[in-house]
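These notes concern the structure reproduced below.
Numbering (the working numbering), first residue to last: 110 to 605.
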């Protein structure tokens, strides 16, 4: 099995350039398809001692990059659309309801004019506010993931457009008037080839967070997923407890990709934080962090993967928005296999329902093979004799696959076994008569080869009502964040 895994990684450039720690850097502005080397680390979150390389299918022009930069820099996401097919629409300042610019993904079928996702209802800000997932989904001017996590709009860290006469030229020189260069990345991590290799690793090592290396030291699943998650991080808010700035992952599924502690914390607080932020920044000190982990040991690990309860947290995001985990339905993400495994191994979910074709003699449930006929369906969690009390408050205000083969913070209070009792540990909460508990009911042999082209201010009496509403709407994410942070502090004090 180990040799098969090694051979599979070495023969697929998309995988090799994730698992290897010396990945490919091959970029030429004259061609559409390039390898983008992204400095990262499996040792520290801000380290640059390793790398991953991802395939770029398009490099935006100077004008396109300038427009993207102007829109993606708006912190609330109200001026940019990044669709599940990797299409970009930006600049709603003029037409208000329709984007001024639309840049289609060149490797998927272009939408017709009438079906373009260029309406203001499709903006990043609109979807995070309306769905209450602002505590889960983060972006910056450096990167933006599509909702289904299959595409990444990425700013190159070492390339800039500089004006030379009437034209723009790309170079590594940054000037005061330089324009950052954006590219469209194909995210292999949630595609079938990564799902298959993860399934093979799980069958080989029987560890959902395997550290076993396959193509050299520190080239196992754990190191690889850590590099990937660390490559896309951003700082947004500060902890209401410690006052420290908090870092968040661009991919919310990272919360469930490392270990039990992070998965349960993300479920309990309905919040996307990096490992270091959980350990060293969110709580008052390391002792407080350790104390919370001890108290959370009574929360079954499967709770995080079954995504019980109602909240805008990462566990719900990966099921309801990204849809990379779906009960009874197939997905191509490795998270489907990881989630199935965590549900199956938990004694708390003995009543889980397994899909047709699931082999309970294999850790992954399948004999993984990269094929259009290979489908990984999600396990359905069993019913539990508990209620999940959600302490949140609500404020209302596919895609192209590339084959290179052979070439609002809300606190999830916990489980209530007996609502008449007031337990002291955080896996349980006092009953609240004002709340209704939720129902418990083929690739080149040489990975170094270049792939072929895969063809608030106070009210101003001069403002109109709509302009005043727009100003309030821009402040809404911060208002929501502050309110929910207060709730988190109260839960922290009285529950923990």
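C-beta atoms are modelled at their ideal positions from N, C-alpha and C, and glycine is treated no differently.
Just so it is clear, the structure is predicted and the values come from calculations on it, not from any experiment.
Under the three-state DSSP convention, the category residue i falls into
i           : result
residue 101 : This structure cannot speak to residue 101, because the chain is shown only from 110 to 605.
residue 398 : helix
residue 445 : helix
residue 578 : With a pLDDT of only 41 at residue 578, under the threshold of 50, the placement of this residue in the model should not be trusted; the figure read from the coordinates follows. The answer is helix: DSSP assigns residue 578 an H, G or I state.
residue 305 : helix
residue 430 : coil
residue 187 : coil
residue 127 : helix
residue 151 : coil
residue 450 : helix
residue 197 : strand
residue 420 : coil
residue 122 : helix
residue 113 : helix
residue 300 : coil
residue 380 : coil
residue 374 : helix
residue 264 : strand
residue 525 : With a pLDDT of 42 at residue 525, under the threshold of 50, the modelled position of that residue is not reliable, and no figure is offered here.
residue 174 : helix
Residue of the options minimising C-alpha distance to residue i
i           : options               : result
residue 127 : 385, 397 and 334      : 334
residue 469 : 488, 482 and 319      : 488
residue 131 : 326, 309 and 387      : 326
residue 423 : 357, 396 and 386      : 357
residue 420 : 377, 431, 394 and 385 : 377
residue 337 : 351, 308, 360 and 346 : 360
residue 348 : 387, 471 and 339      : 387
residue 346 : 151, 247, 323 and 317 : 247
residue 406 : 231, 214, 369 and 428 : 369
residue 448 : 316, 392 and 396      : 316
residue 214 : 476, 165 and 319      : 165
residue 137 : 320, 390, 283 and 279 : 279
residue 187 : 229, 321, 414 and 276 : 229
residue 234 : 460, 300 and 256      : 256
residue 383 : 110, 260, 366 and 231 : 366
residue 393 : 236, 415, 133 and 350 : 350
Pair within 8 Å by beta-carbon distance, residue i and residue j
i           : j           : result
residue 304 : residue 142 : no
residue 226 : residue 196 : yes
residue 298 : residue 265 : no
residue 153 : residue 323 : no
residue 139 : residue 288 : no
residue 272 : residue 281 : no
residue 410 : residue 434 : no
residue 473 : residue 308 : yes
residue 362 : residue 427 : yes
Cross-strand partners of residue i (DSSP beta bridge)
i           : result
residue 354 : 347
residue 135 : 144
residue 282 : DSSP, once it has assigned bridges, lists no residue as partnering residue 282.
residue 288 : 270
residue 325 : Its beta-bridge partners do not exist; DSSP assigns none.
residue 228 : 207
residue 615 : What the structure shows of the chain is the stretch from 110 to 605, and residue 615 is not part of that stretch, so it cannot be assessed.
residue 342 : 358
residue 161 : 147
Proximity test, residue i beta-carbon vs the ligand SAM heavy atom, cut-off 7 Å
i           : result
residue 356 : Here there are no bound small molecules, and the ligand SAM is not part of this structure.
With three or more C-beta pairs closer than 8 Å as the rule, is the stretch 212-223 touching the stretch 188-196? Verdict: yes, contact present.
Contact the stretch 151-165 vs the stretch 176-191: 3+ CB pairs below 8 Å: no
Does the count of Cβ pairs from the stretch 201-212 and the stretch 240-251 closer than 8 Å reach three? Touching, no.
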